[in-house]
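> So the sequence shown is numbered by full-length UniProt numbering: it starts at 1 and just counts up by one. One structure follows; several queries about it will come next.
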Amino acid sequence: MNLIQYLSSDWHNILTLTLQHLKLVGIAVSLAIVIGVPLGIAITRHRWLATPLLGLATVVLTLPSIALFGLMIPVFSQFGAGIGPLPAITAVFLYSLLPIMRNTFLALDNIDSGIQEAGIGIGMTFWQRLRMVDLPLAVPVILGGVRTAVVMNIGVMAIAAVIGAGGLGVLILHAISQSNMQKLVVGAVLISLLAIVADILLQGLQRLLTPKGLQK
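Listed below in structure tokens is the structure:
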């Protein structure tokens with residue numbers, strides 16, 4: 001069976017696994033944004049939190065992905081969910097946390113002090129300044145962290161197939177066990193294409209949300 005025949009005969013399964021892969025990554029990165037951005041804001045305001053939080057996130061990121069997935073199994077086995085999407089989403093969430101939290105911190109920390117003083121001078125509270133001045137200026141850099149997390153973890157999520165999470169990694173595992181080059185090529189190429197398309201889309205969103213003054 002050649003590549004075209006394989007695609008035409010198994011396209012429904014390939015599409016299902018692709019959507020499953022996107023769903024897993026989307027949930028994990030969305031959770032990382034919801035938690036990572038507030039943590040980045042917190043360490044901007046309370047600098048003593050920066051070293052322990054960023055250090056811990058860095059340690060997690062240095063763990064081999066297969067080891068981190070393996071560590072999730074006994075933890076979630078206590079709740080009857082050691083195999084499947086939950087440990088995979090948790091592992092990828094932890095991998096996504098560092099770039100998002102770090103970029104939020106760096107973006108807010110590098111805002112020109114004159115802009116912040118102007119906000120204080122017109123009577124803005126910290127939260128008013130954050131909402132109306134600091135975050136709009138920081139959005140491009142924060143989205144840079146989101147882009148890094150998404151592109152990196154589209155690849156990492158492929159390994160989640162070994163713990164029964166599904167996604168395009170299933171094609172690669174089956175290809176290896178069956179010595180099927182068609183499945184291997186399709187799985188690898190689709191993962192690469194997803195990462196490229198996601199990066200292009202997020203780059204467009206980053207450009208769209210960048211204030212016009214900064215674009216110039």
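Quick reminder that beta carbons are idealized off the backbone N, C-alpha and C, glycines included.
Give a yes or no on whether the C-beta atoms belonging to I163 and I83 are separated by under 8 angstroms.
In the sequence shown, residue 163 corresponds to position 163, counting from 1. In the sequence shown, residue 83 corresponds to position 83, counting from 1. Contact: yes.
> Which term fits S192, buried or exposed, when burial requires 16 or more other beta carbons within 10 angstroms of its beta carbon?
Numbered from its first residue, the sequence shown carries residue 192 at position 192. That one is exposed.
> Would you call the region 89-97 and the region 28-38 in contact, with 3 or more CB pairs under 8 angstroms?
yes
> Within the continuous alpha helix (DSSP H) that includes V162, where are the two ends?
If you number the sequence shown from 1, residue 162 lands on position 162. Neither: V162 is in no alpha helix (DSSP H) and is coded neither H nor E.
> Using alpha carbons as the reference points, say which of L184, L130, S179, F79 lies closest to L108.
Numbered from 1 along the sequence shown, position 108 holds the residue referred to as residue 108. Among L184, L130, S179, F79, the Cα nearest to that of L108 is on L130.
> How is the alpha helix (DSSP H) around S8 delimited, first residue to last?
Position 8 of the sequence shown holds residue 8. For S8, the uninterrupted alpha helix (DSSP H) run begins and ends at 3-45, by DSSP.
> Leaving out five residues on either side along the sequence, give the residues of the same chain with a beta carbon under 7 angstroms from the beta carbon of D199.
The count along the sequence shown starts at 1 and reaches residue 199 at position 199. Closer than 7 angstroms at Cβ, skipping near neighbours: R147, V151.
> State the DSSP-derived secondary structure class of residue 221, mapped to helix, strand or coil.
Coverage of the chain is limited to positions 1 through 216, which leaves residue 221 absent and any answer about it impossible.
> Ignoring anything shorter than 4 residues, give me the alpha helix (DSSP H) runs that lie fully in the region 102-173, in order along the chain.
113-121, 126-129, 135-156
> Please confirm whether A165 and A81 have their CB atoms less than 8 angstroms apart.
Sequence index remark: in the sequence shown, residue 165 carries index 165 (1-based). Sequence index remark: in the sequence shown, residue 81 carries index 81 (1-based). Cβ distance not < 8 angstroms, so A165 and A81 don't count as in contact.
> Of the residues L168, V197, F126, which one's Cα is nearest the Cα of V185?
Locating residue 185 in the sequence shown gives position 185, where the first residue counts as 1. Comparing Cα-Cα distances from V185 to each of L168, V197, F126, the minimum goes to L168.
> Go through its chain and collect everything with a Cβ distance to A57's Cβ below 7 angstroms, but skip five positions before and after it.
Within the sequence shown, the letter at position 57 stands for residue 57. These residues qualify, in order along the chain: L97, L98, M101.
> In angstroms, rounded to a whole number, what distance separates the CA positions of F76 and G121?
Within the sequence shown, residue 76 is the residue found at index 76, counting from 1. Within the sequence shown, residue 121 is the residue found at index 121, counting from 1. Between F76 and G121, the C-alpha separation is close to 51 angstroms.
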